[in-house]
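Heads up: the sequence lines are chains A and B, in that order.
Note that this note's numbering has the first sequence beginning at 13, numbered continuously upward.
Note that this note's numbering has the second sequence beginning at 13, numbered continuously upward.
Quick reminder that beta carbons are idealized off the backbone N, C-alpha and C, glycines included.
Below is one structure; the comments refer to it alone.
Protein chains: 2
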Amino acid sequence: MSDTTPASTYARTERTTPTRYRDRATWEREAIHAILDSAYVCHLGFIADGAPVVLPTIYARVGDRLYVHGSTGSRPMRGAGAASGLAVCVTVTLVDGLVLTKSAFNHSVNFRSVVAHGTAYQVTDPEELAVALDALVDHAVPGRSGDVRRANAKELAATAVVRLELDEVSAKTRADGADDDDADLDLPYWAGVVPVTTVHGTPEPHGSTTVPLPAYLTDLHGGR
Amino acid sequence: MSDTTPASTYARTERTTPTRYRDRATWEREAIHAILDSAYVCHLGFIADGAPVVLPTIYARVGDRLYVHGSTGSRPMRGAGAASGLAVCVTVTLVDGLVLTKSAFNHSVNFRSVVAHGTAYQVTDPEELAVALDALVDHAVPGRSGDVRRANAKELAATAVVRLELDEVSAKTRADGADDDDADLDLPYWAGVVPVTTVHGTPEPHGSTTVPLPAYLTDLHGGR
Chain A
13 MSDTTPASTY
23 ARTERTTPTR
33 YRDRATWERE
43 AIHAILDSAY
53 VCHLGFIADG
63 APVVLPTIYA
73 RVGDRLYVHG
83 STGSRPMRGA
93 GAASGLAVCV
103 TVTLVDGLVL
113 TKSAFNHSVN
123 FRSVVAHGTA
133 YQVTDPEELA
143 VALDALVDHA
153 VPGRSGDVRR
163 ANAKELAATA
173 VVRLELDEVS
183 AKTRADGADD
193 DDADLDLPYW
203 AGVVPVTTVH
213 GTPEPHGSTT
223 VPLPAYLTDL
233 HGGR
Chain B
13 MSDTTPASTY
23 ARTERTTPTR
33 YRDRATWERE
43 AIHAILDSAY
53 VCHLGFIADG
63 APVVLPTIYA
73 RVGDRLYVHG
83 STGSRPMRGA
93 GAASGLAVCV
103 TVTLVDGLVL
113 TKSAFNHSVN
123 FRSVVAHGTA
133 YQVTDPEELA
143 VALDALVDHA
153 VPGRSGDVRR
163 ANAKELAATA
173 VVRLELDEVS
183 AKTRADGADD
193 DDADLDLPYW
203 AGVVPVTTVH
213 GTPEPHGSTT
223 VPLPAYLTDL
233 HGGR
């Protein structure tokens with residue numbers, strides 16, 4: 013393996029090692045990337061005036077880097093603009109099923125989640141900002157960035173994006189059936205899994221739209 | 013109005029007043045409760061060893077109180093067990109649509125989110141814990157807590173739940189169409205909204221299940 017080939021797993025640290033259900037955790041790069049590429053919003057955690065703050069926002073992955081969208085002038089952006097950056101935790105979660113067991117205690121949720129810790133820095137280089145903005149647009153709708161008016165200099169200057177290197181990151185997954193204690197198995201209650209899926213409805217064109225539905229939206233509509 | 017009638021809005025504070033898009037914010041109790049009752053997982057933010065941590069977990073609302081599930085022995089639970097409690101931020105987000113505009117810059121997401129700030133305390137009273145566990149089970153599947161074996165004393169002792177009073181809380185919502193600048197309206201790109209919905213699949217019974225599908229699961233399957 014050459015020096016430039018990334019390792020197939022991220023390094024484990026104390027805070028990316030869960031205290032419970034360690035068998036649900038993984039540090040595998042591919043598994044983590046797949047989860048990050050499947051959700052629409054992340055939850056960005058940071059500290060403001062000594063207290064935790066968690067805000068939902070859009071994001072995109074480019075290689076081993078996350079770009080997280082913010083508002084210019086907002087608290088996380090001001091912090092990430094400092095040379096020392098901003099300590100953040102970025103979490104992405106997908107719910108795949110409700111797991112019903114015969115005992116209330118063993119109820120669970122099937123899910124996929126990624127938690128990334130690190131220091132976020134504001135993206136200020138116009139070229140990197142343009143790459144990040146394309147990635148943000150393509151994250152939700154792959155192929156879209158090639159079929160829009162791209163941001164001009166004024167818009168890029170008004171776009172606030174932070175960069176977080178994926179380094180201290182782990183995923184956690186549950187994808188199993190109901191798991192009752194043996195003593196409960198004969199109880200007369202329904203046990204099993206109710207699948208939960210995110211689907212796309214029929215695209216609703218704006219009145220100004222004069223072109224047919226692009227292929228990348230047909231695929232999206234029929235896809236995930 | 014009597015003294016015991018709750019106000020119809022939560023009090024606004026500096027940190028529940030967004031720095032941008034204030035017209036998307038609301039402090040109305042009913043609107044906030046409706047969003048909290050519609051999602052499956054929340055993102056719990058807290059500070060551990062001086063750094064922000066955001067973990068996904070299940071939760072339930074009982075009146076003006078949130079119950080958030082944790083693991084006994086996990087970091088947030090240990091902190092919330094202290095007399096002074098644990099400073100937290102609990103955020104719930106639902107994605108309703110992808111908003112595509114002719115300019116990359118004006119792309120957006122239709123969403124509903126709630127951000128609650130406060131101090132969380134571990135629930136230790138067995139009666140309150142039993143109420144919280146019922147609420148957690150009923151949150152995802154309304155009616156379920158009456159059709160399971162309820163937790164026994166040993167299970168209650170192994171259940172870690174924190175309580176957060178809804179006090180400093182706000183919601184933010186976008187539910188609009190594409191909003192392009194006038195100068196971009198004639199560009200030959202598709203603009204509009206792709207609706208995003210969460211749906212339930214056909215319930216998959218565990219091999220131990222001998223009863224028919226309960227009505228509360230039929231409703232869920234056909235419902236939201």
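Test item: CB-CB of residue i and residue j under 8 Å
i: Y22/B; j: V149/B; result: no
i: C54/A; j: T131/A; result: no
i: P154/B; j: Y228/B; result: yes
i: V100/A; j: G57/A; result: yes
i: Y133/A; j: V174/A; result: yes
i: D76/A; j: L178/A; result: yes
i: A152/A; j: Y71/A; result: no
i: P68/A; j: T105/B; result: yes
i: M89/B; j: A19/B; result: no
i: V211/B; j: V211/A; result: yes
i: D35/B; j: N118/B; result: no
Residue i, DSSP secondary structure in three states
i: S14/A; result: Because S14/A sits at a pLDDT of 48, beneath the cut-off of 50, its placement in the model cannot be relied upon, and the following sentence gives the value as read from the coordinates. Three-state DSSP puts S14/A in coil, outside helix and strand.
i: P68/B; result: strand
i: G235/B; result: With a pLDDT of only 46 at G235/B, under the threshold of 50, the placement of this residue in the model should not be trusted; the figure read from the coordinates follows. In this structure, G235/B counts as coil in the three-state DSSP scheme.
i: G82/B; result: strand
i: V52/B; result: First, the amino acid is wrong: residue 52/B is Tyr here, not Val. Reduced to three states, the DSSP call for Y52/B is coil.
i: L106/A; result: strand
i: T25/A; result: coil
i: S96/A; result: coil
i: A190/B; result: coil
i: A37/A; result: strand
i: A203/A; result: coil
i: L112/B; result: strand
i: T210/A; result: strand
i: L229/A; result: helix
i: S182/B; result: strand
i: S125/B; result: strand
i: G62/B; result: coil
i: R73/B; result: strand
i: R162/B; result: coil
Whole-angstrom distance between residue j and residue i, CA atom to CA atom
i: V80/A; j: V121/A; result: 27 Å
i: N158/B; j: G204/A; result: The sequence as given places Gly at residue 158/B; Asn does not occur at that position. In a straight line, the C-alpha of G158/B is about 17 Å away from that of G204/A.
i: L78/A; j: T222/B; result: 47 Å
i: N164/B; j: P224/B; result: 26 Å
i: R41/A; j: A190/A; result: 28 Å
i: D188/A; j: D146/A; result: 36 Å
i: L176/B; j: T28/B; result: 16 Å
i: D196/A; j: K114/A; result: 6 Å
i: D185/B; j: G109/B; result: One point to set straight first is that residue 185/B is Thr, not Asp, in the sequence displayed. If I take the Cα positions, the gap works out to 12 Å.
i: I59/B; j: G91/B; result: 9 Å
i: G107/A; j: A37/A; result: In the sequence as presented, Gly is not what sits at residue 107/A; that position holds Val. Rounded to the nearest angstrom, the two C-alpha atoms are 16 Å apart.
i: P200/A; j: V206/A; result: 18 Å
i: D198/B; j: A95/A; result: 42 Å
i: M13/A; j: V74/A; result: In this predicted model, M13/A has a pLDDT of only 46, less than 50, meaning its place in the structure is not dependable; the value taken from the coordinates is given anyway. For M13/A and V74/A, the distance between alpha carbons rounds to 22 Å.
i: R87/A; j: I47/B; result: 24 Å
i: G213/B; j: R162/B; result: 26 Å
i: E140/B; j: L232/A; result: 45 Å
i: D194/B; j: P215/B; result: 48 Å
i: T209/A; j: G62/B; result: 36 Å
i: S220/B; j: T230/B; result: 19 Å
i: T143/A; j: H45/B; result: In the sequence under discussion, the amino acid at residue 143/A is Val, which differs from the Thr named in the question. Distance between the alpha carbons of V143/A and H45/B is about 39 Å.
Limits of the alpha helix (DSSP H) - the one that residue i falls within
i: A148/A; result: It is worth fixing the name first, because residue 148/A is Leu in this sequence and not Ala. L148/A -> alpha helix (DSSP H) spans 138–152.
i: L48/B; result: 41–48
i: L168/A; result: 165–169
Segment limits, beta strand (DSSP E) that includes residue i
i: A92/A; result: Careful: A92/A lies outside any beta strand (DSSP E), inside the alpha helix (DSSP H) at 87–92.
i: G218/B; result: What sits at residue 218/B in the sequence shown is His, not Gly. Neither: H218/B is in no beta strand (DSSP E) and is coded neither H nor E.
i: N118/A; result: Taken as a continuous stretch (DSSP letters only), N118/A belongs to no beta strand (DSSP E), as it is neither H nor E.
i: L197/A; result: Counting along the chain, L197/A falls outside any beta strand (DSSP E), and DSSP gives it neither H nor E.
i: V174/B; result: 172–177
Any non-hydrogen atom of the ligand NAD within 7 Å of residue i CB
i: L178/B; result: Absence of the ligand NAD is noted for the structure shown, with no ligands found whatsoever.
* Within 8 Å of chain B by C-beta, residues of the region 181–211 of chain A in sequence order -> G189, A190, D192, D196, L197, D198, L199, P200, Y201, W202, A203, G204, V205, V206, P207, V208, T209, T210, V211
* Using a Cβ-Cβ cut-off of less than 7 Å, give me the residues of the region 101–116 of chain A that come near chain B, in sequence order. => C101, T103, T105, V107, L110, L112, K114, S115, A116
* Give, in chain order, every residue of the region 38–56 of chain A whose Cβ lies closer than 7 Å to some Cβ of chain B. => Y52, V53, H55
* Note down, in chain order, all residues in the region 124–151 of chain B with a beta-carbon under 9 Å from any beta-carbon belonging to chain A. => Cβ contacts with chain A: S125, V127, H129, L145, D146, L148, V149.
* **Near-chain B residues of the region 214–225 of chain A - C-beta to any C-beta below 9 Å** => T214, P215, E216, P217, H218, G219, S220, T221, T222, V223, P224, L225
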